[in-house]
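Right, one structure below, let's go through it.
Protein chains: 2
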Amino acid sequence: MFSPKPIGHVRSPYTNTSEVPRGLGIQQRAEGILEILPEFEPGLTDIEGFSHLFVLWVFDRSAAGFNLISKAPHDGRGRGVFASHSPRRPNPIGLTVVELLRRDGRKLHVRGLDMLDGTPILDIKPYQSSIPQEKLRSGWVAEAEEKPEAGSKKG
Amino acid sequence: MFSPKPIGHVRSPYTNTSEVPRGLGIQQRAEGILEILPEFEPGLTDIEGFSHLFVLWVFDRSAAGFNLISKAPHDGRGRGVFASHSPRRPNPIGLTVVELLRRDGRKLHVRGLDMLDGTPILDIKPYQSSIPQEKLRSGWVAEAEEKPEAGSKKG
Chain A
0 MFSPKPIGHV
10 RSPYTNTSEV
20 PRGLGIQQRA
30 EGILEILPEF
40 EPGLTDIEGF
50 SHLFVLWVFD
60 RSAAGFNLIS
70 KAPHDGRGRG
80 VFASHSPRRP
90 NPIGLTVVEL
100 LRRDGRKLHV
110 RGLDMLDGTP
120 ILDIKPYQSS
130 IPQEKLRSGW
140 VAEAEEKPEA
150 GSKKG
Chain L
0 MFSPKPIGHV
10 RSPYTNTSEV
20 PRGLGIQQRA
30 EGILEILPEF
40 EPGLTDIEGF
50 SHLFVLWVFD
60 RSAAGFNLIS
70 KAPHDGRGRG
80 VFASHSPRRP
90 NPIGLTVVEL
100 LRRDGRKLHV
110 RGLDMLDGTP
120 ILDIKPYQSS
130 IPQEKLRSGW
140 VAEAEEKPEA
150 GSKKG
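Line by line, the protein sequences are chains A and L.
Our numbering puts the first residue of the first sequence at 0, with every later residue one more than the last.
Our numbering puts the first residue of the second sequence at 0, with every later residue one more than the last.
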């Protein structure tokens with residue numbers, strides 16, 4: 000395996016998990032900065048050409064350990080951790096797709112953050128292609144979205 | 000930070016990097032299995048409902064270390080590691096979107112593998128939504144695809 004090290008940190012408007020909009024089908028709109036450490040700046044070469052990026056990051060503010068089953072907020076039923084984006088995972092890695100607004104040196108201005116301020120970034124990769132929407136099935140998330148009385152607020 | 004540990008391993012037809020189809024815009028079609036370790040099987044609860052999954056894994060067969068700039072095979076120009084899917088990254092984590100064909104206990108039969116047989120899996124997350132194709136820009140990859148004489152073979 001390997002020893003994870005931050006390549007930079009997230010500058011986000013959120014300082015507490017409770018501030019991050021949650022709920023099924025929510026669209027994250029928060030803007031902020033992916034601030035890359037000076038020694039990694041050459042790795043950003045040519046990144047301006049991509050409209051969207053994958054960001055891999057560490058759930059560094061979650062309690063240690065993991066839950067293989069956790070209750071979905073909208074119905075209280077247990078879901079497997081690998082069928083959810085719960086933070087308490089065997090490897091506490093988060094994945095967020097952000098829109099790249101502009102690059103300013105080693106600062107990437109982005110939209111769509113759901114991370115807390117100061118979150119360590121592990122990796123950034125270009126988002127190149129999408130699965131066509133008509134080929135996607137979203138399991139329990141789609142079922143829950145079809146029952147708005149049980150679902151959470153949408154943004 | 001944290002100590003990465005495998006939650007399972009990839010069963011893939013590829014045993015050597017040279018066998019994995021490469022090139023711009025290539026569509027991975029290889030089928031195989033994500034074999035989750037017995038102790039993590041409860042974490043797969045309800046995963047059958049999703050058509051596509053994100054798989055996070057370790058580039059365990061790449062030489063240690065990283066290159067912030069590496070040459071793209073199609074034109075020999077240097078690209079930043081964060082604007083590419085090069086294996087030699089500061090944190091050697093791979094990300095692949097696969098189609099879930101079926102679940103058989105702790106074995107997930109999937110299509111779209113680009114990992115080698117035995118690759119350690121770090122995490123699986125449901126793929127829930129796509130960026131509409133018309134909103135995506137793919138930078139140097141798109142430019143290279145527009146010059147077929149310089150591009151690689153497509154699958």
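We put the beta carbon where it would ideally sit given N, CA and C, even for glycine.
Which residue or residues does DSSP assign as beta-bridge partners of residue i?
i: glutamate 34 of chain L; result: L:His8 and L:Lys106
i: glycine 93 of chain A; result: A:Trp56
i: serine 137 of chain A; result: L:Phe49
i: glutamate 98 of chain L; result: L:His51 and L:Arg110
i: aspartate 122 of chain A; result: A:Leu55
i: alanine 29 of chain A; result: A:Leu112
i: isoleucine 68 of chain A; result: A:Gly79
Within the 7 Å Cβ cut-off, does residue i reach chain L?
i: arginine 21 of chain A; result: no
i: serine 137 of chain A; result: yes
Which bits of chain L does residue i rub up against, with CB to CB less than 7 Å?
i: aspartate 113 of chain A; result: Simply none; closest approach about 13 Å.
i: leucine 67 of chain A; result: Phe39, Pro41 and Gly42
Beta-carbon of residue i versus every beta-carbon of chain A: anything under 7 Å?
i: glycine 117 of chain L; result: no
i: alanine 82 of chain L; result: yes
i: lysine 152 of chain L; result: Low per-residue confidence applies at lysine 152 of chain L: pLDDT is 42, beneath 50, and the placement is therefore not dependable enough to give any value.
Taking residue i as the query, report the chain A residues whose CB atoms sit under 9 Å from its CB, ordered along the chain.
i: valine 57 of chain L; result: Met0 and Phe1
So which residues on chain A does residue i lean against when the C-beta distance must stay under 8 Å?
i: arginine 88 of chain L; result: Asp122
i: lysine 4 of chain L; result: Met0, Pro89 and Asn90
Could you tell me which chain L residues have their CB closer than 9 Å to the CB of residue i, listed as they occur along the chain?
i: leucine 94 of chain A; result: Phe53, Leu55, Leu94, Asp122 and Lys124
i: serine 50 of chain A; result: Ile130, Lys134, Leu135, Arg136, Ser137 and Gly138
What residues from chain L crowd round residue i, counting only those whose CB sits closer than 8 Å?
i: glutamine 27 of chain A; result: In chain order: nothing, as chain L lies at least about 11 Å away.
Evaluate residue i with the Cβ neighbour count: other Cβ atoms within 10 Å of its Cβ, from every protein chain shown; 16 or more gives buried, anything less gives exposed.
i: alanine 63 of chain A; result: exposed
i: glutamate 78 of chain L; result: Looking at the sequence itself, residue 78 of chain L is arginine, so the reference to glutamate does not match. Classification for arginine 78 of chain L: buried.
i: serine 11 of chain A; result: buried
i: lysine 153 of chain L; result: Residue placement at lysine 153 of chain L cannot be trusted, given a pLDDT of 41 that sits under 50; what the coordinates show is reported in the next sentence. Counting Cβ neighbours within 10 Å, lysine 153 of chain L comes out exposed, since fewer than 16 surround it.
i: serine 83 of chain A; result: buried
i: methionine 114 of chain L; result: buried
i: lysine 124 of chain A; result: buried
i: proline 89 of chain A; result: buried
i: serine 17 of chain L; result: exposed
i: serine 2 of chain A; result: exposed
i: threonine 118 of chain A; result: buried
i: threonine 14 of chain L; result: exposed
i: aspartate 122 of chain L; result: buried
i: proline 91 of chain A; result: buried
i: aspartate 45 of chain A; result: buried
i: glycine 31 of chain A; result: buried
Residue i touches chain A at which residues, Cβ-Cβ below 7 Å?
i: aspartate 161 of chain L; result: Since the first residue shown for chain L is 0 and the last is 154, residue 161 of chain L is missing from the structure and cannot be characterised.
Is it the case that the CB of residue i approaches a heavy atom of the ligand NAD more closely than 6 Å?
i: glutamine 26 of chain L; result: Of the ligands one can find in the structure shown there are none, so the ligand NAD has no counterpart to examine.
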